[in-house]
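Colleague:
Residue numbers (the UniProt record's numbering): 1 to 118.
As structure tokens, then:
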């Protein structure tokens, strides 16, 4: 998995690569923040996620690594990790959040078709 901890696409040199990452611990504490995704242009929604997580993975040199992610970096990692499980942030929206984005989702399906742009 490659992710950008800053969330700034111009800082691609800061991207981190982790092979076969696994979230081993989720904090009990949660927070709710607004998230968007390049998979869904022009929309966002409030998503609840753990405040911190612990991750185990292998780096590009084959060495096992462990890392604790806190705050924004934890949120970004969880968001990208969801993609590995076939989930997107809209799957985590509550019913009100899903209702709020439904119109834009319908527009995207109309524009790109049900299978997306692929």
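Every residue gets a Cβ at the ideal spot worked out from N, C-alpha and C, and that includes glycine.
1. Comparing C-alpha positions only, which one of 65, 63, 115 and 55 sits nearest to residue 76?
2. Where does the unbroken beta strand (DSSP E) through residue 32 begin, and where does it stop?
3. Quick check: the Cα distance between residue 40 and residue 105, rounded to an integer number of angstroms?
4. Taking Cβ positions, are residue 37 and residue 3 nearer each other than 8 Å?
5. Where residue 120 and residue 109 are concerned, what is the direct C-alpha to C-alpha distance, given to the nearest angstrom?
6. Between the stretch 63-71 and the stretch 79-98, are three or more C-beta pairs nearer than 8 Å?
Modeller: Inspection of the coordinates gives the following:
1. Looking only at 65, 63, 115 and 55, the smallest Cα-Cα distance to residue 76 is reached by 55.
2. Per DSSP, the unbroken beta strand (DSSP E) holding residue 32 starts and ends at 30-36.
3. Cα to Cα, the separation comes out at about 8 Å.
4. Result no, Cβ atoms of residue 37 and residue 3 do not sit closer than 8 Å.
5. A query on residue 120 cannot be resolved here, the shown segment of the chain reaching from 1 to 118 and no further.
6. Look at the beta carbons and you see the stretch 63-71 not touching the stretch 79-98: under three pairs across the two are nearer than 8 Å.
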